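*Asks:*
Numbering (our numbering), first residue to last: 569 to 866.
#1: Decide yes or no for the touch test of the stretch 841–849 against the stretch 774–781: beta carbon pairs closer than 8 Å, at least 3 of them.
#2: In terms of residue numbering, what span does the beta strand (DSSP E) encompassing residue 748 cover?
#3: In the DSSP assignment, the beta strand (DSSP E) including residue 755 goes from what residue to what residue?
#4: Examine the Cβ distances between the stretch 810–821 and the stretch 729–742 and report whether three or more of them are shorter than 8 Å.
#5: If we count Cβ pairs, one from each stretch, closer than 8 Å, do we get three or more for the stretch 698–711 versus the stretch 723–737?
#6: By alpha-carbon positions, which one of 817, 611, 606 and 694 ends up nearest to residue 647?
#7: What would DSSP say about residue 600, mapped onto helix, strand or coil?
#8: Please classify residue 804 as buried or exposed, where buried requires at least 16 other C-beta atoms within 10 Å of its C-beta.
#9: Hey, how far is the Cα of residue 785 from the Cα of residue 744?
#10: Apply the 10 Å Cβ neighbour rule to residue 633 and answer buried if 16 or more other Cβ atoms are within range, or exposed otherwise.
#11: Are there three or more Cβ pairs, one per stretch, closer than 8 Å when the stretch 610–621 is compared with the stretch 660–679?
#12: Taking the C-alpha atoms as reference points, what is the distance between residue 768 and residue 595?
#13: Just the C-alpha distance for residue 689 and residue 600, rounded to the nearest angstrom, thanks.
#14: Where in the stretch 696–739 do unbroken runs of the alpha helix (DSSP H), each at least 4 residues long, occur, reported from the N-terminal end onward?
#15: Taking only the alpha-carbon atoms, compute the straight-line gap between residue 818 and residue 734 and give it to the nearest angstrom.
#16: Which residue from 667, 652, 643 and 638 puts its Cα closest to that of residue 606?
#17: With DSSP as the reference, label residue 760 as helix, strand or coil.
#18: Hey, out of 751, 746, 670 and 758, whose CA is closest to residue 715's CA?
#19: Residues in its own chain within less than 7 Å of residue 696 by CB, not counting five upstream and five downstream?
#20: For residue 741, which of helix, strand or coil comes out of DSSP?
#21: Can you say whether residue 644 is buried or exposed, counting buried as having 16 or more other CB atoms within 10 angstroms of its CB?
#22: Put residue 853 into one of helix, strand or coil per three-state DSSP.
#23: Look at the alpha carbon of residue 815 and the alpha carbon of residue 754, and state the distance between them as a whole number of angstroms.
And the structure:
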């Protein structure tokens, strides 16, 4: 009889536990996740349909997956308190307005910038300044996901394209190849190669810079001076990799024709460029470690 009473009381406790409502923290977390996904997924779909299909935004999927991994790797900040609601709203409301304008009028840069700023404001509201400091690099890295307007790319990269075109022609002349140049167009036999933004422009520089910064961030055992020197080497390494890519494409045109150079080999040259840039980062890292005394790397 007593055993039945105990079993009955245990069953009542179990039923009450099953019927207990979810905690407010769980509900707010679920609603926040749904809200973030509701904002993010349409924008990612727009990026996948437009920017990521072009040479200008080809690094987008890489940036997205690495940024998500960086957030997961960082984990939630310990002993963090929510930021002031008024201050967070001051950043969140304008960001959502910018997002809505971009979404309604099809201006992708407004839409992605509004989403990016909204995520920063949400992190502040959830974890305060501690959260922003904890997630500073994933937030920075995610910024490479923002599409750059084509008009800005064309103007900003023109000096770089001219310099690379001239340098490639000068080098190949010294090696005995008959090549010429008109602006950013390189003449090889009966072919004319246009040094475009994808070959030697801001787009590839952004992708290579993202890779370089990721490398520096993951090399946590390096001191501040070591990391600063690595960061200073990112842009020169990226420009050198772009230069070598154009040289490879010109030589492919000389020996195999324009069809090969502009086909699969063009994409292969792009992969080679990233491999060269990464190898350059390894080489510079090793050189700094060999030359700089360990006590001065800090």
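Think of the CB as a built atom: it goes at the ideal place given N, C-alpha and C, for glycine as much as any other residue. What you are looking at is a predicted structure, and each value in this text was computed from that prediction instead of being measured.
*Replies:* On the basis of the data shown:
#1: By the criterion of at least three beta-carbon pairs nearer than 8 Å, the stretch 841–849 is in contact with the stretch 774–781.
#2: Numbered from 1 along the chain shown, position 180 holds the residue referred to as residue 748. Note, residue 748: beta strand (DSSP E), 747–750.
#3: By 1-based counting over the chain shown, the position of residue 755 is 187. Its beta strand (DSSP E) spans residues 753–756.
#4: yes
#5: no
#6: For the purposes of this step, residue 647 is taken as the residue at position 79 of the chain shown. Ranking the options by Cα distance to residue 647, first place goes to 694.
#7: Working through the chain shown from its first residue, we reach residue 600 at position 32. In the structure shown, residue 600 sits in a helix (DSSP, three-state: H, G or I).
#8: On the chain shown, position 236 is the one that residue 804 refers to. Residue 804 is exposed by the Cβ-count criterion.
#9: If you number the chain shown from 1, residue 785 lands on position 217. If you number the chain shown from 1, residue 744 lands on position 176. When rounded, the distance between both Cα atoms is 43 Å.
#10: To locate residue 633, count along the chain shown from 1; it is residue 65. Flag for residue 633 reads exposed.
#11: yes
#12: Here the question's residue 768 lines up with position 200 in the chain shown. Here the question's residue 595 lines up with position 27 in the chain shown. In this prediction, residue 768 scores a pLDDT of 49, lower than 50, which makes its location untrustworthy; the coordinate-derived value is nonetheless stated afterwards. About 49 Å.
#13: One-based indexing of the chain shown puts residue 689 at position 121. One-based indexing of the chain shown puts residue 600 at position 32. So the alpha carbons of these two residues sit roughly 13 Å apart.
#14: Entirely contained in the stretch 696–739, the alpha helix (DSSP H) runs reaching 4 residues are, in chain order, 704–710.
#15: Numbered from 1 along the chain shown, position 250 holds the residue referred to as residue 818. Numbered from 1 along the chain shown, position 166 holds the residue referred to as residue 734. Annotation: residue 818 to residue 734 spans about 13 Å, alpha carbon to alpha carbon.
#16: For the purposes of this step, residue 606 is taken as residue 38 along the chain shown, with counting starting at 1. Here the closest residue by C-alpha is 667.
#17: Along the chain shown, one-based indexing puts residue 760 at 192. Residue 760: strand per DSSP, three-state reduction.
#18: Numbered from its first residue, the chain shown carries residue 715 at position 147. Nearest option by C-alpha distance: 670.
#19: Numbered from its first residue, the chain shown carries residue 696 at position 128. If we look at residue 696 and ignore the five residues flanking it on each side, its Cβ neighbours are 648, 649, 650 and 651.
#20: Within the chain shown, residue 741 is the residue found at index 173, counting from 1. Looking at residue 741 - three-state DSSP - the assignment turns out to be helix.
#21: Start at 1 with the first residue of the chain shown, and residue 644 comes out as number 76. Residue 644 should be labelled exposed.
#22: The count along the chain shown starts at 1 and reaches residue 853 at position 285. Correct three-state label for residue 853: helix.
#23: As a position in the chain shown, residue 815 is number 247, starting the count at 1. As a position in the chain shown, residue 754 is number 186, starting the count at 1. Residue 815 and residue 754 have their alpha carbons spaced roughly 11 Å apart.
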